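Right, one structure below, let's go through it.
Numbering (this note's numbering), first residue to last: 1239 to 1742.
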């Protein structure tokens, strides 16, 4: 006579929370809040470089970029990164455990909300502490400093729950795109008279009276109604928005099957899979020419069919369209401060996305990882150089002097190569999420410094704006440093790819 095994108890909410916190320990989700620290330190440096005689109200005004865009987007990136990792790990086995879905969802939200709080403490709190320590005139009152940290965080909770729920239904890329749209809509409509009926405005509306600026960063006028407005109604509305998305169940899409309904693969499919894995063939193998492996052709084959096939022509087409109704001399910054930095960021991410998934298989070949890594880096740099040369030719055709155009091509190619290899190294060595955070912060400060008078003091500290400096004095510094940095990043890529193959 046999007895049935005792049924395992269903974990409660405290146990589920402990397990969820342990799941994300030492992951990219745990390290993403450090992006807030990086932003806070750079923001402090920019404020100090702007000159003396600033008060604590000016310190709060410098929080505009964080509260309106960087903070919300890093929170969205936090959720998207967790969704990407969870999708790749297939839930880490937790989907097959006897855990209540509501507990799992609430635990995931709690973990991400705590990380978002840390993100806002580091991003908004660091400048308040650093600048307050430098001068008593810049020491923000404790109540306003607390509001500058808590109001944006509380306002972001609803968006966090929305993106988390959406990532479960679709993919992390869709969630990231929706988060970007939600953030932009919040900035554009933050001062609308109908803000109470527009949920995306709750993300930003509460922060405006705290930091004392309009959504575009301009200081509030003395007669503005926002000066005396309370930040808490929109902030609390933003937090309450999380409730319905935490209660909504996961929608079953047509064609999905649960674990119980999954059937075993057919023998034919299994045989085909085994054939693919073992490398056996049922037909005569094609004759291969003698010689070494064709590494260049294999790497280029990885990149064939990626988003680069339309992103690169699209970038050049955007510049050509812009030049059709704008003066070319006044449009150079479109390429140097926006298209080139953003393009190199996307290029590095796309290249590693295409090659990273099969890098363990690459390492098992006779070539090892060093040769393919160098070819992969060379291909990415070649794309950057080609786009820079074609863009310089466009500006030359539009009327830019030849002496100016060739400097644009040179700086675009060399600085672009540095940014491309840096992004590629960072994505391989850490994660794509970290590369995105660093890239976004770098691009924002590149625009802030390179497009304003602050470049006079800070130009050497922001490499993302170096392509914008076409005078010989600065080029004599930026080009050699960029070449050395490119070589160092390439060396780092060869080591990072070897580690990536070992850890995959």
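For every residue, glycine included, the Cβ atom is placed at its ideal position computed from N, Cα and C. Bear in mind the structure is a predicted one, so any value in this text is a computation, not a measurement.
Cβ atoms of residue j and residue i: under 8 Å apart, would you say?
i: residue 1658; j: residue 1622; result: yes
i: residue 1704; j: residue 1720; result: yes
i: residue 1357; j: residue 1312; result: yes
i: residue 1321; j: residue 1413; result: yes
i: residue 1395; j: residue 1351; result: yes
i: residue 1590; j: residue 1666; result: yes
i: residue 1316; j: residue 1389; result: no
i: residue 1653; j: residue 1728; result: no
i: residue 1681; j: residue 1707; result: no
i: residue 1364; j: residue 1282; result: yes
i: residue 1392; j: residue 1273; result: no
i: residue 1675; j: residue 1567; result: no
i: residue 1439; j: residue 1454; result: no
i: residue 1672; j: residue 1662; result: no
i: residue 1298; j: residue 1449; result: yes
i: residue 1376; j: residue 1293; result: yes
i: residue 1632; j: residue 1541; result: no
i: residue 1598; j: residue 1739; result: yes
What does DSSP give as the partner residues of residue i in its beta bridges?
i: residue 1651; result: In the DSSP output, where bridge partners are listed per residue, residue 1651 has none listed.
i: residue 1451; result: 1457
Mapping the DSSP letters down to three states, classify residue i as helix, strand or coil.
i: residue 1457; result: strand
i: residue 1635; result: helix
i: residue 1694; result: helix
i: residue 1436; result: coil
i: residue 1564; result: coil
i: residue 1404; result: helix
i: residue 1679; result: helix
i: residue 1262; result: coil
i: residue 1708; result: coil
i: residue 1388; result: helix
i: residue 1411; result: helix
i: residue 1378; result: coil
i: residue 1574; result: helix
i: residue 1323; result: helix
i: residue 1687; result: helix
i: residue 1734; result: helix
i: residue 1444; result: coil
i: residue 1661; result: helix
i: residue 1361; result: helix
i: residue 1468; result: coil
i: residue 1740; result: helix
i: residue 1337; result: coil
i: residue 1700; result: coil
i: residue 1555; result: helix
i: residue 1486; result: coil
i: residue 1345; result: helix
Which word fits residue i, buried or exposed, when buried means at least 16 other C-beta atoms lie within 10 angstroms of its C-beta?
i: residue 1735; result: buried
i: residue 1537; result: buried
i: residue 1385; result: buried
i: residue 1547; result: exposed
i: residue 1577; result: buried
i: residue 1258; result: buried
i: residue 1411; result: exposed
i: residue 1250; result: exposed
i: residue 1465; result: exposed
i: residue 1381; result: exposed
i: residue 1690; result: exposed
I want to see whether chain D comes within less than 8 Å of residue i, judged by CB atoms only; does it?
i: residue 1580; result: The displayed structure is made up of one protein chain only, and chain D is not part of it.
Alpha helix (DSSP H) runs wholly inside the segment 1276-1310, at least 4 long, in chain order | 1294-1299
Contiguous alpha helix (DSSP H) assignments of at least 4 residues, all confined to the segment 1590-1633 = 1597-1601
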